[in-house]
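For reference, the structure discussed in these notes is given below.
Residue numbers (the numbering used here): -2 to 258.
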């Protein structure tokens, strides 16, 4: 990177999503700053948005479960949502796209897939015990945690209890800081179900921003207390990794508002 290229470090904060947003904003101008564990950083060449090969989400691996969680609960959701079909969706499920946080709009279907409950700080909980319910949970977590004002509420509501939960929350940005508006407003745009079983799932959700900027987040979920909970490692990180800047949506099943029924 030449000395004349902009320094985007001031746009980065300690919170995992805002760190990723800083990288997304940098991608627009051709650089990506990757914040490393412990506060260091490295700079890699930004990916073009044309015909370059697409980046892929982290390779699937068995979902990791936070320590300290209770045994899996019954198939019924705690708010009464039916489990519904256990077949993995081959097309984007229907839903109403709503702003869960300030940065990303995600699909919601309160009667079929969730969220069935809206709580403190607009946090979302209660999803159907199905592959589609897990997708809606992953999308809701990604969108809700992008809100620098209420993201901690979303994390408290959706993270599985364990040693990593509070550590994850502690790394989030303090309220009132930049929300990453430099890259514009994004929408959930695609998904991949990397693994699914009765009580565990690994899903990857993509988001599209203006200027052909794309991101993806892979989350591991565990079915506990009648809901899908996002798992963390003991150090507070996500087993699937942080938000990734990707060059295209190749490999993702499109998930847009006009799809589904």
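Ideal placement from N, C-alpha and C gives every residue a C-beta, glycine not left out.
Note that the structure is predicted; figures quoted are calculated from it, not measured.
Nearest by alpha-carbon distance to residue i: which of the options is it?
| i | options | result |
| --- | --- | --- |
| residue 153 | 184, 226, 75, 130 | 226 |
| residue 145 | 120, 190, 219, 251 | 120 |
| residue 238 | 110, 202, 249 | 202 |
| residue 240 | 91, 211, 79, 87 | 211 |
| residue 253 | 95, 231, 143, 150 | 95 |
| residue 142 | 214, 230, 181 | 214 |
| residue 105 | 192, 216, 185 | 185 |
| residue 207 | 182, 192, 155 | 182 |
| residue 216 | 191, 83, 224 | 191 |
| residue 82 | 100, 109, 98, 97 | 109 |
| residue 205 | 218, 199, 101 | 101 |
| residue 180 | 87, 242, 157, 247 | 242 |
| residue 158 | 195, 196, 221 | 221 |
Tell me, please, which residues DSSP counts as bridged to residue i.
| i | result |
| --- | --- |
| residue 221 | 224 |
| residue 230 | Answer is none; residue 230 lacks a bridge partner. |
| residue 129 | None; residue 129 has no bridge partner. |
| residue 213 | 203, 241 |
| residue 183 | 101 |
| residue 254 | Paired residue(s): none; residue 254 is not in a bridge. |
| residue 190 | 200 |
| residue 156 | 227 |
If contacts are defined as beta-carbon pairs under 8 angstroms, then residue i and residue j qualify, I think. What distance do you get, rounded to the angstrom?
| i | j | result |
| --- | --- | --- |
| residue 128 | residue 85 | 4 angstroms |
| residue 90 | residue 132 | 7 angstroms |
| residue 140 | residue 103 | 4 angstroms |
| residue 125 | residue 111 | 6 angstroms |
| residue 148 | residue 98 | 6 angstroms |
Short of 7 angstroms in beta carbon distance, which residues of its chain neighbour residue i, apart from the five on each side in sequence? Order them along the chain.
| i | result |
| --- | --- |
| residue 76 | 113, 114, 123 |
| residue 232 | 161, 164 |
| residue 224 | 74, 75, 122, 123, 124 |
Excluding the five sequence neighbours on either side, which residues of its own chain have a C-beta within less than 8 angstroms of the C-beta of residue i, listed in chain order?
| i | result |
| --- | --- |
| residue 68 | Reliability fails at residue 68, whose pLDDT of 38 lies under 50, so the model's placement of it is uncertain and no value is given. |
| residue 267 | Only positions -2 to 258 of the chain appear in this structure, which leaves residue 267 out of reach. |
| residue 167 | 233 |
| residue 87 | 250 |
| residue 246 | 51, 186, 187, 203, 205, 211 |
Verify the CB distance criterion: does residue i have a CB-CB separation below 9 angstroms to chain D?
| i | result |
| --- | --- |
| residue 221 | Of the chains in the structure shown, none is chain D; there is only one protein chain. |
By Cβ distance, which residues of its chain are closer than 6 angstroms to residue i, with the 5 residues on each side in sequence left out?
| i | result |
| --- | --- |
| residue 155 | 138, 227 |
| residue 150 | 117, 118, 120 |
| residue 175 | Low local confidence applies: a pLDDT of 44 at residue 175 is under 50, so the model's placement there is unreliable, with the coordinate-based value given in what follows. So the list is empty, once near-sequence residues are dropped. |
| residue 251 | 89, 187 |
| residue 198 | 131, 218 |
| residue 72 | 80, 126 |
| residue 193 | 128 |
Report task. Would you mind listing the beta strand (DSSP E) stretches within the stretch 78 to 140 that are 3+ residues and don't spill past its ends, in chain order? Result -> 93 to 96, 101 to 105
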